[in-house]
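Residue numbers (our numbering): 4 to 207.
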């Protein structure tokens, strides 16, 4: 999906939390579960900056990333009993070879050395971790499974050229406000809570 003319993009990604070669004990996933499953009013053992570091590292370390900077102040909110986290970063990609020159790093074509532009995009990330019931079926080895089911990370990534971000921000807030994960009953409760909080009229 996208908004024109700012060339914004919206991606929704579902990532089952699991162990990996880099993280054989699944510590990163366990930290995310701890943070997002901590009830409202309670203090998780994992800090918000630590969670942002875990979530953003996968993007920041991609080979094509030319520059990466976290921007703004991360924030979280509860909708019903589900916790959501927002953080922002700006990144530029190099679709060629990254070469360290006298004046700093440059991006160039690998065949003829032509300098390639690197346009910085602003990304707003909205994420949560929820347990999805497995229905008693067997799950793949390495998946992190809690009492309520397989633990799954959901990510909404809205991005646009950094230079146009202020024009896109209102749309971004609308996208995030409309996003929710949970059972039908949980989502209905969230919508009713949002209506009550905004001073809305009677329920349809």
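Ideal placement from N, C-alpha and C gives every residue a C-beta, glycine not left out.
Rounded to whole angstroms, the separation of the alpha carbons of residue 11 and residue 167 is 9 Å.
If you draw a straight line from the Cα of residue 49 to the Cα of residue 110, it is about 37 Å long. Taking every protein chain shown into account, the CB of residue 92 has 16 or more other CB atoms within 10 angstroms, so this residue is buried. Runs of alpha helix (DSSP H) with 4 or more residues, each lying fully within the stretch 20 to 49, are found at 30 to 40, listed in chain order. The beta carbon of residue 135 sits closer than 6 Å to those of 152, 153, 155, all from its chain and outside the five residues before and after it, given in chain order. Residue 159 has its alpha-carbon roughly 14 Å from the corresponding atom of residue 86. If you look at residue 181, you'll find it in the alpha helix (DSSP H) that goes 168 to 181. Going by DSSP, residue 155 is part of the beta strand (DSSP E) stretching over 152 to 164.
Note that the C-beta distance between residue 47 and residue 146 is not below 8 Å. Annotated three-state conformation of residue 77 is strand, per DSSP. Per DSSP, the beta-bridge partners of residue 130 are 88, 158. For the pair of segments examined, the stretch 24 to 42 was found to touch the stretch 119 to 136: the number of CB pairs separated by less than 8 Å reaches three. Shown here for residue 149: same chain residues with a beta carbon closer than 6 Å to its own, the five before and five after excluded, namely 134 in chain order. Beta-bridge partners of residue 72 (DSSP): 93.
Around residue 22, the same chain offers 28, 29, 145 as residues with beta carbons nearer than 7 Å, after the five sequence neighbours per side are excluded.
Residue 97 is positioned such that its CB atom lies no closer than 8 Å to that of residue 71. Residue state for residue 142 is assigned as coil, using DSSP reduced to three classes.
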